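Be aware that the sequence shown starts at 1, since it is given in our numbering, and climbs by one per residue.
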Amino acid sequence: MPPERRKMVIAATIAVTLLVAGGLAVRILAEHLGRTGDHVALPRGTLAQLPLNLGDWTGRESPLDEAIVKATSADDYLNRLYFRQPAGPTVGLYIAYGVRARDLMPHRPEVCYPGNGWTLDDTESRELPLAEGEKLPCRIYRFSRGTLDRQTITVLNYYIVDGQYAPDVSLLRSKAWQGSGAIQYMVQVQVTCSEQSAPDPDVSARAVDALATLSAKPIRSLLPDAAAEAGRSNDVPRSSVQSRTPTEKNE
Numbered sequence: 001m002p003p004e005r006r007k008m009v010i011a012a013t014i015a016v017t018l019l020v021a022g023g024l025a026v027r028i029l030a031e032h033l034g035r036t037g038d039h040v041a042l043p044r045g046t047l048a049q050l051p052l053n054l055g056d057w058t059g060r061e062s063p064l065d066e067a068i069v070k071a072t073s074a075d076d077y078l079n080r081l082y083f084r085q086p087a088g089p090t091v092g093l094y095i096a097y098g099v100r101a102r103d104l105m106p107h108r109p110e111v112c113y114p115g116n117g118w119t120l121d122d123t124e125s126r127e128l129p130l131a132e133g134e135k136l137p138c139r140i141y142r143f144s145r146g147t148l149d150r151q152t153i154t155v156l157n158y159y160i161v162d163g164q165y166a167p168d169v170s171l172l173r174s175k176a177w178q179g180s181g182a183i184q185y186m187v188q189v190q191v192t193c194s195e196q197s198a199p200d201p202d203v204s205a206r207a208v209d210a211l212a213t214l215s216a217k218p219i220r221s222l223l224p225d226a227a228a229e230a231g232r233s234n235d236v237p238r239s240s241v242q243s244r245t246p247t248e249k250n251e
C-alpha cells in the first residue's frame, strides 16, 4: 500500500477509535434508554450489504480492532473507506446499529474528539438534498489539534431513529422520555475526511457531503420497517423479531 494511502487508512481508523473510546464515560438518560422495550433486532452482517460502489465512489472494508467493536455495544456495524474514481480524497464511513440507545448515544463527535485532545473549530447544521425531495439533516464538525504539526478532520454525523433521519440526539432524548417502547432502534452514521486525504477544508466538506448523500437512502433501505414491525400482533414479541432481508421486503 502506498505511504499516502496508508496514512489515509490510519486517519480513518483513528476517527472511529476516538468516537468509541471518548464516549465510554458518558451515559445520558441511562435508566430510560437502557430498559427493555419493543426493540427490533438486526442480524449481524446486515449493514455489510451496503453496496461497495456508490456513484463514482468505490469502497473497501476497514476492519476494526475487536476491543473497539466490543466497546461500541452495537448490534451491527460497518466501517469502510471510500475512494473516489478516478482520483480524489479518501472518506471514512462508519455505521453502528443498536436497539439500546443508551449504548450509542455517548459516542458523539462533540464529546469524543475534545475528550481525546482535539479542538472543535467549527460546527454547523446542514440539510443535504436526497432523491424525491427528501432532506438529510446532519451536523458538520471540524476539529484540529497540534500547532507546528497541525492535524485537521471534518466529521459529518447523523442518526436514523426508527427510519427517521435526525441531525443529533435530540430526537432520541425526546423519545426516551415517552417510555421504553418509544425507540425500536437507532443508527449512527459518521462520514469523515482528514487532512491527509484533503488538505483543503472545502474539499473535505464536499467529499463528506457527497458520500453522505449517496449512502443515506441505501443505508436506510437495509433497516427494519419500524412502523410495520410496530403493527405486528402482540402475540409476537418484537424484541425477538429479526429484520427482513431486502428480498423479503419486496415479496
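Backbone N, C-alpha and C fix where the C-beta goes; we use that ideal spot for every residue, glycine too. Here the structure is a predicted model, which means the values were calculated and not measured.
Nearest-angstrom Cα distance between residue i and residue j?
i      : j      : result
LYS135 : THR46  : 24 Å
ARG80  : SER62  : 5 Å
THR154 : ASP122 : 10 Å
GLY92  : VAL191 : 6 Å
ALA67  : CYS112 : 17 Å
TYR82  : ASP209 : 13 Å
TYR97  : LEU214 : 19 Å
SER125 : ARG44  : 31 Å
GLY146 : THR119 : 9 Å
PRO224 : LEU211 : 22 Å
GLU132 : ASP149 : 44 Å
PRO218 : GLY55  : 12 Å
ARG84  : TYR185 : 31 Å
GLN196 : THR152 : 9 Å
From the DSSP output, in three-state form, read off residue i for me.
i      : result
GLN49  : helix
ASP202 : helix
ILE183 : coil
GLY257 : Because the chain in this structure spans residues 1 to 251, residue 257 falls outside the shown range and cannot be described.
VAL169 : coil
SER174 : helix
ALA96  : strand
Which residue comes first and which comes last in the alpha helix (DSSP H) that contains residue i?
i      : result
TYR113 : 109-115
Looking at the unbroken beta strand (DSSP E) that takes in residue i, where does it start and where does it end?
i      : result
ILE160 : 151-161
ARG60  : 57-61
Would you list the residues sitting across from residue i in a DSSP beta bridge?
i      : result
PRO218 : Per DSSP, none; premise fails for PRO218.
GLU124 : ILE140
PRO43  : DSSP, once it has assigned bridges, lists no residue as partnering PRO43.
ASP209 : Answer is none; ASP209 lacks a bridge partner.
LEU54  : TRP57
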